[in-house]
Amino acid sequence: MGNQSLHIDGHSMHGEAHPLYPMKVWLTALFLVAPFCLWLKNSIHYGDFRISLDDLSFVFLLGVVGSILSLPVYGILFLTFRLLTRKNVSTAHIRWILDILCVLGIFVTFKLIDETPDMVTALCYSFSVIIASLLYKIYTPSSQ
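First residue of the sequence shown? That's 3 in our numbering, and the numbers climb one at a time after it.
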């Protein structure tokens with residue numbers, strides 16, 4: 003996804019920022035992309051690609067626990083998003099900055115929870131945030 007800015011008279015202007023962008027990224031990563039990534043990781047590790055009812059109920063539990071543990075990272079994501087969109091930073095730069103902050107936050111959270119964290123799981127969550135960030139627009143074109 004490229005820069006979604008409008009060029010009027012040689013000046014770069016962005017449309018309105020989607021206020022729910024950080025929440026959409028956070029919830030999509032926690033409840034959709036991360037569970038799929040973790041299922042895929044376990045399926046490859048154990049050689050079993052079946053989906054059971056236990057796997058589906060685990061998704062909800064994983065999302066709820068992940069939501070609670072990741073609240074500080076979400077807070078930083080939201081505040082940084084507000085700051086960057088108010089300064090009309092380009093879409094690409096916002097994505098990069100937010101993704102880097104989230105990945106760092108994920109690894110710090112995993113390290114705080116466990117001194118020897120499961121790095122593959124932390125990578126799954128990091129990958130999930132990056133994928134989720136690409137699914138949504140940051141700005142909508144302004145109507146002029």
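Think of the CB as a built atom: it goes at the ideal place given N, C-alpha and C, for glycine as much as any other residue.
Ranges of the alpha helix (DSSP H) found wholly within the segment 45-90, counting only runs of at least 4 = 55-71 and 73-88
Taking the alpha helix (DSSP H) that H95 falls in, what are its first and last residues?
-> T93 to I115
Taking the CB atoms as reference points, tell me whether G68 and L40 lie closer together than 8 angstroms.
-> no
Where DSSP assigns a beta bridge to T142, which residues make up the other side?
-> E18
Just curious, the alpha helix (DSSP H) that T30 is in, first and last residue?
-> Y23 to T30
Taking only the alpha-carbon atoms, compute the straight-line gap between P74 and K113 and give it to the nearest angstrom.
-> 14 angstroms
In whole angstroms, what is the alpha-carbon distance linking F60 and F38?
-> 11 angstroms
Endpoints, the alpha helix (DSSP H) within which T118 is located = Note, T118: premise wrong, no alpha helix (DSSP H); not H, not E.
Please report how far the alpha carbon of I108 lies from the alpha carbon of G17, in whole angstroms.
-> 30 angstroms
Residue environment, Y141, which counts as buried when at least 16 other CB atoms sit within 10 Å = buried
Taking the C-alpha atoms as reference points, what is the distance between A134 and T93?
-> 15 angstroms
Return helix, strand or coil for L34, following the three-state DSSP convention.
-> helix
If we count the other Cβ atoms within 10 Å of its Cβ and call it buried at 16 or more, is Y48 buried or exposed?
-> exposed
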